[in-house]
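Protein chains in written order, with my numbering: chain A, 19 to 312; chain B, 2 to 374; chain C, 507 to 981.
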Amino acid sequence: MTLADFVTEIGDSGPVAVQGCRTRWDVGGPLDPSARLVTAPSGIVDYLPEEMTVTVLAGTTVAELNHALLARGQRCALPDRHGTVGGAIAVGENHTEVLGRGTLRASVLQVRYVSAEGKLVTGGGPTVKNVSGFDIPRLLTGSLGTLGLIGEVILRTNPLPATSVWLDSVDADPFAIASIVLRPGAVLWDGTRTRVLLEGHAPDVAHDRTALGGCGNWTEADGALDLLPHRWSLTPAELRSLNGNFVASVGVGTVWRDHPQPRRELSEPVRAISERMKANFDPTGRLNPGRSVC
Amino acid sequence: MDLGINPDELVTCMQCGLCLTACPTYRITGDETYSPRGRIALMREVQDHGAPLTSEVLDAFDTCIQCRGCEPACPSGVPYGHLIEQTKASLTQQRHPALRSLLLRPLTMPRVLRVGSSALALAQRARLVPPPIARRLGLPARLPIRRPALRSTGNDVQLFTGCVMDAWQREVHLAAKAVLEAAGFGVRVTGDDAPCCGALHLHAGLRDESQRLTDRVTAALDPHVPVLVDSAGCGAHLKEHSGLSVFDIQEFLAQHVDRLPTVKPLDLKVAVQDPCHLRHVQRAHAATRTVLRPFVREIVELDDDGMCCGAGGAYSVLEPEMAGQVRDRKMSSIDRARPDVVASANPGCSMHLAAAGVSTVHPMELIAQALKG
Amino acid sequence: MSDLVSDLRAVLGDRVRVDAAQRALLRRDASVFEGGSAGPVCLCDTTEEVQQVVRIAIAHGRAIVPRGAGTGLAGGAIPLADPVIVSLSRMNRVLEVDTDARIAWVQPGVVNLDLSKHLAPLGFHFAPDPSSQQVCTIGGNVANNSGGPHCLAYGVTNAHILAVEVVLPDGEIAVLGGLDAEPAGYDLRGVFVGGEGMLGIATRVAVRITPNPPAVRTLLLSFATTREAASTVSAVIAAGIVPAAMEVMDQRIVIAVENYVHAGYPTDAGAVLLAEVDGQSGGVDIDAERIANIGREQGATSVHLAEDDNQRALLWKGRKTAFGAVAQVTPNYYLHDTVVPRSQLADVLDQVYEIAERHDLLVMNVFHAGDGNLHPLLLFDAREPGVYDRVHAAGAEIVKASLAAGGVLSGEHGVGIEKQPYMSMLFSDDDLDHQERLRRAFDPACRANPGKVIPEGHSCADIQHLHAVPEGVWG
Chain A
19 MTLADFVTEI GDSGPVAVQG CRTRWDVGGP LDPSARLVTA PSGIVDYLPE EMTVTVLAGT
79 TVAELNHALL ARGQRCALPD RHGTVGGAIA VGENHTEVLG RGTLRASVLQ VRYVSAEGKL
139 VTGGGPTVKN VSGFDIPRLL TGSLGTLGLI GEVILRTNPL PATSVWLDSV DADPFAIASI
199 VLRPGAVLWD GTRTRVLLEG HAPDVAHDRT ALGGCGNWTE ADGALDLLPH RWSLTPAELR
259 SLNGNFVASV GVGTVWRDHP QPRRELSEPV RAISERMKAN FDPTGRLNPG RSVC
Chain B
2 MDLGINPDEL VTCMQCGLCL TACPTYRITG DETYSPRGRI ALMREVQDHG APLTSEVLDA
62 FDTCIQCRGC EPACPSGVPY GHLIEQTKAS LTQQRHPALR SLLLRPLTMP RVLRVGSSAL
122 ALAQRARLVP PPIARRLGLP ARLPIRRPAL RSTGNDVQLF TGCVMDAWQR EVHLAAKAVL
182 EAAGFGVRVT GDDAPCCGAL HLHAGLRDES QRLTDRVTAA LDPHVPVLVD SAGCGAHLKE
242 HSGLSVFDIQ EFLAQHVDRL PTVKPLDLKV AVQDPCHLRH VQRAHAATRT VLRPFVREIV
302 ELDDDGMCCG AGGAYSVLEP EMAGQVRDRK MSSIDRARPD VVASANPGCS MHLAAAGVST
362 VHPMELIAQA LKG
Chain C
507 MSDLVSDLRA VLGDRVRVDA AQRALLRRDA SVFEGGSAGP VCLCDTTEEV QQVVRIAIAH
567 GRAIVPRGAG TGLAGGAIPL ADPVIVSLSR MNRVLEVDTD ARIAWVQPGV VNLDLSKHLA
627 PLGFHFAPDP SSQQVCTIGG NVANNSGGPH CLAYGVTNAH ILAVEVVLPD GEIAVLGGLD
687 AEPAGYDLRG VFVGGEGMLG IATRVAVRIT PNPPAVRTLL LSFATTREAA STVSAVIAAG
747 IVPAAMEVMD QRIVIAVENY VHAGYPTDAG AVLLAEVDGQ SGGVDIDAER IANIGREQGA
807 TSVHLAEDDN QRALLWKGRK TAFGAVAQVT PNYYLHDTVV PRSQLADVLD QVYEIAERHD
867 LLVMNVFHAG DGNLHPLLLF DAREPGVYDR VHAAGAEIVK ASLAAGGVLS GEHGVGIEKQ
927 PYMSMLFSDD DLDHQERLRR AFDPACRANP GKVIPEGHSC ADIQHLHAVP EGVWG
């Protein structure tokens with residue numbers, strides 16, 4: 019399947035939605051059953067490690083992309099939740115290691131998507147730096163396919179750190195890590211246990227490890243803490259007053275819990291802009307009907 | 002109206018705006034009318050496009066302190082000082098030049114200035130000068146009634162004594178002379194042979210009169226002997242407009258600092274306030290620190306990148322409101338540095354800051370005091 | 507129409523400028539574009555004042571144009587058809603700094619470098635460092651999504667803005683984004699950054715503050731050709747190193763700089779690469795060593811590691827005074843801004859030299875090589891008749907050459923008026939139509955900074971309607 023086939027298949031009328039691996043199918047509300055389901059093309063179109071960019075079709079799985087990047091010593095900002103690249107971008111959530119990898123939104127350089135009118139539209143550009151026109155990639159990322167159906171993206175990649183290690187402690191203050199470690203890859207905390215990802219050149223990691231010794235006893239761990247199913251978005255300061263079951267990304271504000279976050283209301287002017295945005299991009303409401311970011 | 006500005010100088014400004022934050026009046030107002038780029042654009046509007054001289058336009062030019070802080074900030078080397086001097090000169094022709102000239106006349110007559118100043122000092126003691134007027138004139142809190150004698154001791158260097166400073170702050174000259182002598186220089190005091198350098202006249206737009214005064218100074222002094230100036234404004238003017246071998250006194254001593262005796266430093270934390278015409282025009286402000294460092298406990302820098310204090314020669318008298326606001330900004334910077342005393346190498350700055358309650362002193366006075374022990 | 511001024515004065519008192527000469531100052535920004543005309547200039551002090559000014563402008567059928575320091579190079583702040591100018595430079599306070607959360611709330615008129623100076627005693631800085639950083643404002647940085655040499659590793663402005671309080675083009679006040687990890691809804695904050703003043707007016711900005719790195723290493727590598735310097739840049743990235751900055755200067759600019767500031771640059775080199783790595787001392791030594799080795803492999807004739815802060819400051823002084831150095835050669839220059847894939851840098855540079863020569867212009871190159879962000883400087887003397895035609899013709903060809911190499915129109919200056927005519931070379935009609943839809947979601951009536959970015963034919967047509975200001979209103 020090519021991008022052109024994807025355009026044809028979506029066409030210019032009738033409710034339609036893209037399905038990837040359906041791992042995040044319920045985010046933004048249940049899909050209207052009238053929607054016709056299409057799948058996006060898959061495959062890596064062009065990978066330029068020396069440019070730190072990769073052009074990838076939306077139906078490619080994140081795992082497949084990561085595999086290709088790993089082979090050239092690179093990584094990206096997409097979280098791997100067993101889904102597709104298009105799905106990850108449509109949902110817009112950051113990687114657990116966002117401190118080290120950067121935000122997903124900053125990594126999407128160009129999007130090519132099918133509009134409600136059935137046209138292939140390009141936003142952004144292929145270079146790592148670009149302020150040519152309004153930032154359509156930022157708008158489409160996290161829009162749950164309500165403004166356009168993503169077929170292909172160009173992503174920024176980054177070199178893998180020379181070394182990395184997860185450390186675990188039950189007596190450390192997670193909020194003190196930022197003043198000890200210059201650039202941690204992640205700081206996770208479940209209320210008792212703190213798990214820190216150190217990455218970089220070996221001497222720096224060793225230095226950080228020694229420095230961390232001043233604030234607790236640490237043992238090596240084989241990865242991140244196990245996350246809970248429901249993702250919350252809080253301010254970094256709000257994490258201090260958490261209780262119950264949770265895993266929090268300290269310094270970021272993302273929290274994984276066993277129950278969903280209460281609906282976050284948009285302010286009236288923001289709601290008005292969002293509604294106009296939806297109406298301007300999808301006047302007939304055919305894209306992912308039933309789902310909403312609001 | 003033709004401001005008489007050379008178009009070749011005007012073309013050098015590309016309006017990049019990198020001067021904006023170096024300008025004290027832009028910093029205060031946030032209004033480009035009161036910025037170097039804005040003022041240059043106004044010069045173009047007036048000279049090239051016939052814009053009328055509205056009160057707004059005149060105010061923009063009048064409020065320029067001529068600190069020339071914009072010149073080091075300018076990547077294109079725009080001769081801003083020259084542009085604004087020319088503009089002010091052309092505008093003065095239109096606006097009571099005789100009155101301005103009259104007001105500055107005492108500066109050219111040193112004896113009259115000293116006698117008048119002493120009379121003013123007596124009036125001050127008798128509380129005949131209402132404080133608001135004294136403030137408006139920027140008068141020192143206590144003008145001297147009598148001045149100690151200042152006599153030549155040699156001819157290795159010429160110490161330029163000037164006009165107002167000699168009348169009001171002769172103790173600075175004495176200190177400068179003492180420091181020079183401690184370094185082994187015989188000092189010729191220029192005295193009444195070479196009174197006013199003409200800097201204030203040029204600021205006021207009286208260019209021809211200014212040049213006549215400068216020429217008088219040039220003629221009275223020896224071109225082969227270094228002329229040392231302890232007032233940064235006068236020094237800058239003489240460097241640019243006289244044919245003499247002119248040095249700021251700190252600049253000169255910085256080259257001979259090893260000739261000064263080693264003494265116990267004063268137990269003071271000193272903030273150096275760089276006079277604009279030392280920093281931006283002479284670009285010799287580093288010397289103040291070199292010379293002063295061995296003689297005080299600590300030198301602390303102000304955090305405002307050498308922004309003008311608002312004194313600007315007669316500016317603080319002519320534009321008291323803006324001058325006060327610019328000074329307020331400087332005062333907050335001084336407050337943050339928490340010095341025991343502020344050292345300024347320009348009498349105008351010293352008086353302007355002292356009028357707001359800052360304890361000011363000339364660097365030469367500090368060194369002279371340390372040398373005395 | 508004079509009601510407009512009295513309505514504005516009722517809100518702002520004497521902070522409204524209507525004198526013709528004063529308004530003439532704001533016809534331009536730092537670009538070479540003429541043809542602007544400003545309506546009343548409103549010096550606002552608060553969000554509420556901005557809101558009231560916008561509402562008054564709406565009531566009088568006038569467009570609004572926000573203005574910071576006016577240092578933009580693409581004409582983005584140039585007012586078209588006498589709009590009400592909303593000047594934000596007086597709103598220059600740092601409102602709150604939270605080093606725990608690494609956030610500062612600032613007003614839009616805060617000068618970029620002033621913010622970093624404010625943060626310095628706390629051990630932090632604001633990472634985007636455009637060349638105009640001593641003057642340009644955070645509001646302007648937000649509008650242009652500004653870059654700078656150190657954005658290679660740290661990212662451009664968008665990566666450093668968490669939330670923006672905005673007076674929308676309809677006069678409503680909204681906070682876009684938020685301090686939480688993943689704010690709900692569409693990423694309107696991300697879209698607003700780089701909106702070139704067409705999506706509303708920022709009145710309060712939450713910026714991310716970055717800890718100062720404990721160790722920095724700065725290398726100066728000399729090459730016989732710009733091609734070798736450019737290939738070294740690609741090789742460094744390919745080796746998995748992302749330095750804090752990688753700047754290339756060609757021989758012409760090195761000579762100009764060296765004559766100007768004596769920073770110790772080699773004038774006999776065909777090009778130099780200034781590379782900086784920062785972080786912790788162990789890692790920066792490793793990366794500096796690797797960059798040095800890669801440079802030698804690529805043909806570097808000398809590799810010099812700055813020995814101390816003074817040497818490093820001197821090298822950066824040379825880089826940062828490049829524009830001043832150019833002014834010693836000719837009175838005027840036109841600074842271009844395009845981005846190409848790093849692998850295309852050397853080829854595009856060859857074309858840039860050829861284009862300039864064909865138009866009988868001198869060109870010098872100093873650029874953010876690590877990002878592929880070219881900044882050719884076309885040198886000229888504005889007094890020479892017809893020179894602007896040649897400058898613009900050469901500029902157009904440079905843009906076309908960059909696009910042909912797979913590049914984009916602008917890396918950090920924005921589109922404004924300058925690149926508007928080229929937008930349809932990079933984007934299809936459908937692409938542009940979608941950008942206009944995005945804009946109209948914020949500004950259905952096209953009141954905010956109209957006539958920019960989106961080319962005519964794709965944009966609101968009401969700019970013509972805006973031209974219908976009665977003659978002589980401004981006397």
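All C-beta atoms, glycine included, are put in the ideal place defined by N, C-alpha and C.
query, result
"Straight-line gap, B/Leu140 to B/Gln125 (C-alpha atoms, nearest Å)", "10 Å"
"B/Thr64 - DSSP class collapsed to helix/strand/coil", "coil"
"Through-space distance from B/Phe296 to B/Val342, alpha-carbon basis", "14 Å"
"8 Å Cβ cutoff, B/Gly1 in contact with chain C", "Outside the shown range of chain B, which is 2 to 374, sits residue 1 of chain B, and nothing can be said about it."
"Where the region 59 to 84 of chain B meets chain C: residues whose CB sits under 7 Å from a CB there", "Pro76, Ser77 and Gly78"
"Short CB-CB distance (under 8 Å) between C/Ala690 and chain A", "yes"
"Buried or exposed (CB count within 10 angstroms, at least 16 for buried), A/Pro254", "buried"
"Contact residues within the region 750 to 779 of chain C, judged by C-beta distance below 7 Å to chain B", "none"
"Contact set between the region 507 to 533 of chain C and chain B, restricted to residues whose Cβ is under 7 Å from the partner", "Arg523, Asp525, Ala526, Ala527, Gln528, Ala530, Leu531 and Leu532"
"C/Arg568 and C/Gly545 closer than 8 Å at C-beta", "yes"
"N- and C-terminal bounds of the beta strand (DSSP E) containing B/Thr120", "The question names Thr, but residue 120 of chain B in the sequence shown is Ala. No beta strand (DSSP E) holds B/Ala120; the alpha helix (DSSP H) holding it covers Pro111 to Arg126."
"Proximity to B/Thr88 [Cα-Cα], best of B/Leu108, B/Leu54 and B/Met110", "B/Leu54"
"Min CB distance C/Leu549 to chain B below 8 Å", "yes"
"Same chain, Cβ closer than 8 Å to B/Arg112, neighbours up to 5 away in sequence not counted", "Asp193"
"Chain C contact residues for A/Ala124, given Cβ-Cβ distances below 8 Å", "Gly661, Asn664 and Ala665"
"Sequence-distant residues of the same chain with beta carbon closer than 8 Å to C/Arg803, five excluded per side", "Per the sequence shown, the amino acid found at residue 803 of chain C is Glu instead of Arg. Only Ala741 meet the Cβ criterion."
"Cβ-Cβ distance between B/Ile66 and B/Cys309 below 8 Å", "yes"
"Against chain A: residues of the region 625 to 652 of chain C by CB proximity under 8 Å", "Asn650 and Asn651"
"Cross-chain neighbours of C/Pro720 in chain A, by beta carbon under 9 Å", "Leu200"
"C/Ala798 and C/Val809 closer than 8 Å at C-beta", "yes"
"Per-residue contacts from C/Val600 into chain B (C-beta, under 9 Å)", "In chain order: nothing, as chain B lies at least about 14 Å away."
"Counted within 10 angstroms of its Cβ, other Cβ atoms place B/Arg152 as buried (16 or more) or exposed", "exposed"
"Cβ separation of C/Glu918 and C/Asp843, assumed to be a contact under 8 Å, to the nearest whole Å", "6 Å"
"Near the ligand GTP: B/Leu92 beta-carbon under 7 Å from a heavy atom", "Inclusion of the ligand GTP in the displayed structure is not the case, the ligand content being empty and no account of it being possible."
"Top-ranked residue by Cα proximity to A/Ser60, from A/Gly101, A/Val139 and A/Ile195", "A/Gly101"
"When B/Arg339, B/Arg213 and B/Lys178 are compared against B/Gln159, the one with the closest alpha-carbon", "B/Lys178"
"Any C-beta of chain C under 8 Å from that of A/Cys233", "no"
"Local Cβ density within 10 Å of A/Leu88, reported as buried at 16 or more and exposed below that", "exposed"
"Beta-carbon proximity check, C/Gly776 vs C/Thr732, cutoff 8 Å", "yes"
"C/Val699 and C/Val617 closer than 8 Å at C-beta", "no"
"Top-ranked residue by Cα proximity to C/Ala536, from B/Ser77, B/Val301, B/Arg96 and B/Glu320", "B/Ser77"
"Neighbourhood of A/Ala194 by C-beta distance below 8 Å, restricted to the same chain and skipping five residues each side", "Cys233"
"For C/Lys823, three-class secondary structure by DSSP", "helix"
"C-beta neighbour in chain A for C/Arg723, strict 8 Å", "no"
"Whole beta strand (DSSP E) elements within the region 139 to 187 of chain A, 3-residue minimum", "167 to 174 and 181 to 187"
"Contained beta strand (DSSP E) runs [length at least 3] in the region 239 to 300 of chain A, N- to C-terminal order", "248 to 251, 264 to 267 and 272 to 275"
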